[in-house]
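The listed protein sequences derive, respectively, from chains A and B.
The UniProt record's numbering puts the first residue of the first sequence at 1, with every later residue one more than the last.
The UniProt record's numbering puts the first residue of the second sequence at 1, with every later residue one more than the last.
There are 2 protein chains.
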Amino acid sequence: MLIKSGSEQMRQQNILLVLSGLRRHGPQSHTDLGTRTGLSSATVSAITVELEKAGILERSEQQPGAGRGRPRVLFSQARNCGYLITAQISSDAVQYSLVDYAGRLIDRFDEARRHDAQSTSRFAPQFREALARLAERSRLARDTVMAISISSKGTVDADGHRLLWSPLLGEQEIDFAALLAPDWRAVVTLSNETLLVAQALGIAAKPSAEDHALAVVSLGHSIGLGIARLRRHDEVEASAPNFGHMLHAPGGGLCRCGGHGCIEATAGFYGILRTAFQVPADTIPAKFVPLPEMDKIAQTARGGNRMAGYAFRQAGLALGNGLSRLMSFHGRLPIVFTGPGTRYFDLLAPGIDEGLSASHEVRLKGRPEITVHPDEQRLVFEGHLDRALTGMDQAIAEARLSPSEKRSA
Amino acid sequence: MLIKSGSEQMRQQNILLVLSGLRRHGPQSHTDLGTRTGLSSATVSAITVELEKAGILERSEQQPGAGRGRPRVLFSQARNCGYLITAQISSDAVQYSLVDYAGRLIDRFDEARRHDAQSTSRFAPQFREALARLAERSRLARDTVMAISISSKGTVDADGHRLLWSPLLGEQEIDFAALLAPDWRAVVTLSNETLLVAQALGIAAKPSAEDHALAVVSLGHSIGLGIARLRRHDEVEASAPNFGHMLHAPGGGLCRCGGHGCIEATAGFYGILRTAFQVPADTIPAKFVPLPEMDKIAQTARGGNRMAGYAFRQAGLALGNGLSRLMSFHGRLPIVFTGPGTRYFDLLAPGIDEGLSASHEVRLKGRPEITVHPDEQRLVFEGHLDRALTGMDQAIAEARLSPSEKRSA
DNA sequence: AGTTTTTTCTCGACAGTCGAGAAAATAGAT
DNA sequence: ATCTATTTTCTCGACTGTCGAGAAAAAACT
Chain A
1 MLIKSGSEQM RQQNILLVLS GLRRHGPQSH TDLGTRTGLS SATVSAITVE LEKAGILERS
61 EQQPGAGRGR PRVLFSQARN CGYLITAQIS SDAVQYSLVD YAGRLIDRFD EARRHDAQST
121 SRFAPQFREA LARLAERSRL ARDTVMAISI SSKGTVDADG HRLLWSPLLG EQEIDFAALL
181 APDWRAVVTL SNETLLVAQA LGIAAKPSAE DHALAVVSLG HSIGLGIARL RRHDEVEASA
241 PNFGHMLHAP GGGLCRCGGH GCIEATAGFY GILRTAFQVP ADTIPAKFVP LPEMDKIAQT
301 ARGGNRMAGY AFRQAGLALG NGLSRLMSFH GRLPIVFTGP GTRYFDLLAP GIDEGLSASH
361 EVRLKGRPEI TVHPDEQRLV FEGHLDRALT GMDQAIAEAR LSPSEKRSA
Chain B
1 MLIKSGSEQM RQQNILLVLS GLRRHGPQSH TDLGTRTGLS SATVSAITVE LEKAGILERS
61 EQQPGAGRGR PRVLFSQARN CGYLITAQIS SDAVQYSLVD YAGRLIDRFD EARRHDAQST
121 SRFAPQFREA LARLAERSRL ARDTVMAISI SSKGTVDADG HRLLWSPLLG EQEIDFAALL
181 APDWRAVVTL SNETLLVAQA LGIAAKPSAE DHALAVVSLG HSIGLGIARL RRHDEVEASA
241 PNFGHMLHAP GGGLCRCGGH GCIEATAGFY GILRTAFQVP ADTIPAKFVP LPEMDKIAQT
301 ARGGNRMAGY AFRQAGLALG NGLSRLMSFH GRLPIVFTGP GTRYFDLLAP GIDEGLSASH
361 EVRLKGRPEI TVHPDEQRLV FEGHLDRALT GMDQAIAEAR LSPSEKRSA
C-alpha cells in the first residue's frame, strides 16, 4: 500500500521543496523560489512566513543596485537553527568537523590514530571524547547539534547505526548510535565512505544528466566502490556494494577478510606489494603499507622492473574484471577513480583497460568514460554535508506541527 | 527538484491508493477500503463515486447472509473498462493472451516458431498479424485495448520499447512500440522475461517480508537473472541485469554473444552440451538444444558418466560464482531457480554450492535460502498482469481531469 | 412492528493552493 | 523634487480536497 495523502503531506512536500531548492541553489528571493519550485507566489509566501517564524529561515540583506524595481530580499537558512557534526574515520586519523545549518564550516580538527594493539579497544571512548571536545571548543549547547554523520570504510548495517566490519577494526562491531545516545540528542548516521563520495559526485554531475548513474572506485590499502543512481527530480540514490571483497579469481591470494581471491587481495596496496615482492599469495596480508613504500614500488615499476610492473598490471586487471562485472549488473556507466592509489593510475590503466574489455557491455557500446579525482577526503566531506543537511531539512518538514502552531496560529 | 504538490496530486495519489488496494486484495467494500488505505469514509465515498461515474469501478452484488447490519457492497474493477494483451516470446513459441481490466483471462493461443533461416525476418509481420487475430477472435474494438505487454529473453532498452539483443533474434533490433503504433492506441511495453518472474515472486513473497530482496535465475538454453527489491508500501522494484553474459572466467568458452567466458557459455544448455561431449570450447555454440537431448546427457550423468557429470558441475560452479558476485553487490538474498533447466537441479546443486561458498557474504551469514519453482511460463504471465494492470491503474489516476468532469460535475 | 447492528452516504468545518490585484520599494524621467 | 515605470512582495477571495460526526439505509434479531 502506498501512503495516504492529506493536506498535511501536501504542505510537508512543498516545504521540503523550498528547503531543498534553497539548499541546492543558495540564497534566493521569493520569486526565484516560486519559479524554481513551480509553486504560486502566494504559497511561497505562506511557507516562508511559517519557516521564518519557526526560526528556520532568515532574510539576508537585499543586494542593492540590481536594476529597477523593488529590490529582492533573499531567504537563506538560519545558521543557528541547528548544527551538524561529521566524523571521517580513515586508516591513520579521524577528522572531526562542526558545520552549521547553512553548511558553513565552523571548526575542525584531526586526531591521529595509532596502529598498536590497544588502539581498537580504546577507539570508542576516544571517539566520544573527541566529539565532546568539538562542541566545547565552540561553546555549543549539545542540544543544538541535530545530526552526527560518521563515515568509515567497511560494511555498515541497513539502519546506518552499526559498523559491522571494517578494515581498521576488523570484526569488532561498533554501534555508534548506542555509543552516542547518552551524550547526544542528535540523529546518528554511519555511512560507507565511498558511498558518500558517490553521493557528492552524483549531485555534482547532475547538470550533465546524460547518464543515469555513475560509479566511483576508491583505491588504497583496501578497495571501495560507490554507485550513484541519478533519479528524477535532483535525487541521488547512492549505494556501496562490497566490491573489494567480490570474488575476482577462485583460489586467488589470501585476503584480509579471510577469503581467497577477492579483488582487494590483488588490487589493494598489500596485494600489489605481495605480488611485486613475490611473496607467496597465501601469506597473511600486511596490516598497513605506508605510502612511501608504495611509491618506491611504483618508481621501480616505472623504471622497468618486471615484477613491480606486473603487480600493478594484475591489480588493474582485477579492477577491470570487477568493473566489467559491475557493468553486467548496472549497464555501462562512467567511472571515477579516487583515493591515494590514483597516483599509480598510469601503472594500473593498462590492466584496467584489458579487464574492462571482457565485458559484453563494453564490446557493444565502447569503453566507459573514466576520470580521476584524487582528493577523496574533500569528496567524502561534501557527501556528508549533502546527506546530513538534506536529512535535517526532511526532519524539519516532517516535524512541522509539534512546536506551537496549534495554539498560536 | 522534487515535484510540486497540489490538491490535484493529492487526489491522484489517493485514487491510486484505492485502485491498487482493489488490485492487490480483490473486491472490497467501502469500509474495507477505508481501513486499508487509511482514508476517511467520506473521502473513499468521494473517490468511488467519481470512479464509478467514469466507468472504472462497478458495484458487485453484496454477498447475502453475512451477519447483521446493512450488507456491504463490494467494489471491483469494471471489466469492460479496458483490455490488456500479453505476448510471451520464447524460443519455440509465442503465447498471446487477452485479459480484461480485472485481470481475467479472456482468450489465449500459442503460435509455434520455426527455426529456419527466414524465421527472424518474418517474425515482425507474423507478430503483428497474431495480435490482430487475437482482437478479432473476441470481437474487440482495438481502441479498448489499453496496454500491450511483451516479454522476451535478452536486453531491452530503458524505455521498454526496443529489443536490443536477444538470444532468439540476435542483434536484429526490433522496435515494438514503432511496430505496433499504426495499429494500436495502446501503451506498448517490452520487458525482460526474468524481470517479470522476479516481479511475480516479489509480490507473492511480500507477506513474509523478512528479506528486502530476492533473486531469480532462469535456467535454459540461456541464463536469465531477475532481482526484485521489496520497497516499503507493497511496492516491488524489479530489474534484470545481464547476468548470463557476465564474465565468469577470462578466456573461457565462446559464447553466443561473441565474447569468451560468459556464465552462459558454461551454464547454458549449449555450454553443458559442449563440455559433456568434449567439444572444443571455442566451437560456435549450437543454436538450439532440444530438451530430450539434454535429458539424455543428464541420464548418463546420473548413471555415472564422468564427463557428463563434470559438465553439470562446471555449469553449477559458474552459476554459483556468479551468484556469489551478485551477493557482493546486493548482499545476501534468497534465490529462486526456474525454467526448464531446473529438472537437472540435482546435478547442478553441488557446483552451485561450491561456487556460492566463495562469497564473503555467504561465509559471514551462511548459505542463502534456495528454492526451485519450475513453472516459469506461469510466473512470467503473472508478472505481466501485475506490471501492466498496475500501469493501467496509474494511467487512470493521472488522466483524471480530461474526460468530462469539468462540465458535468 | 420494533430494536439492534452494521454499513453507506451527506454536510459543515478546516487546511492548503492558486490567480489576481494591491501595496511596496526602487531607478530613471521630467 | 516630484512623477512614472518597473519589479517584487504581500494579501484576499475562490476553489479543491480531506475529515469527523451524524443521518440514512438495509439487513437480522426480538
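All C-beta atoms, glycine included, are put in the ideal place defined by N, C-alpha and C.
{"Asked": "Presumed contact (8 Å Cβ cut-off) between A/R363 and B/G259, rounded CB distance", "Found": "6 Å"}
{"Asked": "Within 7 Å of chain B by C-beta, residues of the stretch 237-249 of chain A in sequence order", "Found": "P241, N242, F243, H245, M246 and L247"}
{"Asked": "Where B/T37 falls: helix, strand or coil (DSSP)", "Found": "helix"}
{"Asked": "Within chain A, partners of B/I396 - CB distance below 9 Å", "Found": "In chain order: nothing, as chain A lies at least about 15 Å away."}
{"Asked": "Distance between A/P368 and A/L163 (C-alpha atoms, nearest Å)", "Found": "33 Å"}
{"Asked": "Assumed close pair B/I85, B/I148 - CB separation to whole angstroms, cut-off 8 Å", "Found": "5 Å"}
{"Asked": "Given 8 Å, three or more beta-carbon pairs between the stretch 303-317 of chain A and the stretch 186-200 of chain A", "Found": "no"}
{"Asked": "Residues near A/F269 by beta carbon distance below 6 Å, same chain, minus five either side", "Found": "H221, V289 and M294"}
{"Asked": "Rounded C-alpha distance that separates A/E52 from A/A181", "Found": "30 Å"}
{"Asked": "Coil, strand or helix - B/V187 by DSSP", "Found": "strand"}
{"Asked": "8 Å Cβ cutoff met for A/S91 and A/L168", "Found": "yes"}
{"Asked": "B/N321: contacting residues in chain A (beta-carbon distance under 8 Å)", "Found": "L247 and P250"}
{"Asked": "Contact set between B/F329 and chain A, taken where Cβ atoms lie within less than 7 Å", "Found": "P241 and F329"}
{"Asked": "Residues of the stretch 356-368 of chain A with Cβ closer than 9 Å to any Cβ of chain B, in chain order", "Found": "A358, S359, H360, E361, R363 and L364"}
{"Asked": "Beta-bridge pairing of A/R231 - partner residues as DSSP gives them", "Found": "DSSP lists no partner for A/R231."}
{"Asked": "Reduced DSSP category for B/Q28 - H, G, I as helix; E, B as strand; rest coil", "Found": "strand"}
{"Asked": "Proximity to A/D393 [Cα-Cα], best of A/L19, A/K4 and A/Q12", "Found": "A/L19"}
{"Asked": "Contact the stretch 342-358 of chain B vs the stretch 377-392 of chain B: 3+ CB pairs below 8 Å", "Found": "no"}
{"Asked": "Alpha-carbon to alpha-carbon, B/T37 and B/H233", "Found": "11 Å"}
{"Asked": "Reduced DSSP secondary structure (H/G/I, E/B, other) of B/A315", "Found": "helix"}
{"Asked": "Chain A within 8 Å of B/T35, Cβ atoms only", "Found": "no"}
{"Asked": "Under the three-state DSSP convention, the category A/A93 falls into", "Found": "strand"}
{"Asked": "Integer Cβ distance of A/Q12 from A/A397, believed to fall under 8 Å", "Found": "5 Å"}
{"Asked": "Selection of the stretch 208-233 of chain A by Cβ proximity to chain B, strictly under 8 Å", "Found": "H212 and H233"}
{"Asked": "Straight-line Cα distance separating B/R79 from B/I15", "Found": "18 Å"}
{"Asked": "Within-8 Å CB hit, B/S5 to chain A", "Found": "yes"}
{"Asked": "Neighbourhood of B/V99 by C-beta, 6 Å cutoff - its chain only, sequence neighbours within 5 removed", "Found": "L84 and L105"}
{"Asked": "Which of helix, strand or coil DSSP assigns to A/Q278", "Found": "coil"}
{"Asked": "Same chain only: Cβ atoms within 8 Å of A/S60, ignoring 5 sequence neighbours per side", "Found": "P27, V73, L74, F75 and S76"}
{"Asked": "Nearest-angstrom Cβ-Cβ length linking A/K4 and B/L39, presumed shorter than 8 Å", "Found": "6 Å"}
{"Asked": "Straight-line gap, A/F243 to B/G82 (C-alpha atoms, nearest Å)", "Found": "47 Å"}
{"Asked": "Inside the stretch 140-204 of chain B only - beta strand (DSSP E) runs reaching at least 3 residues", "Found": "145-152, 162-165 and 187-192"}
{"Asked": "Cutoff 6 Å; reference A/R185; Cβ partners in own chain excluding five residues on either side", "Found": "D143"}
{"Asked": "Contacts around B/E376, its chain only, beta-carbon distance under 7 Å, and the 5 residues preceding and following it disregarded", "Found": "V197, S218, T338 and G339"}
{"Asked": "Minimum C-alpha distance to A/L347 - residue among A/R378, A/M307, A/I203 and A/S151", "Found": "A/M307"}
{"Asked": "Chain A contact for B/M10 (CB, 8 Å cutoff)", "Found": "yes"}
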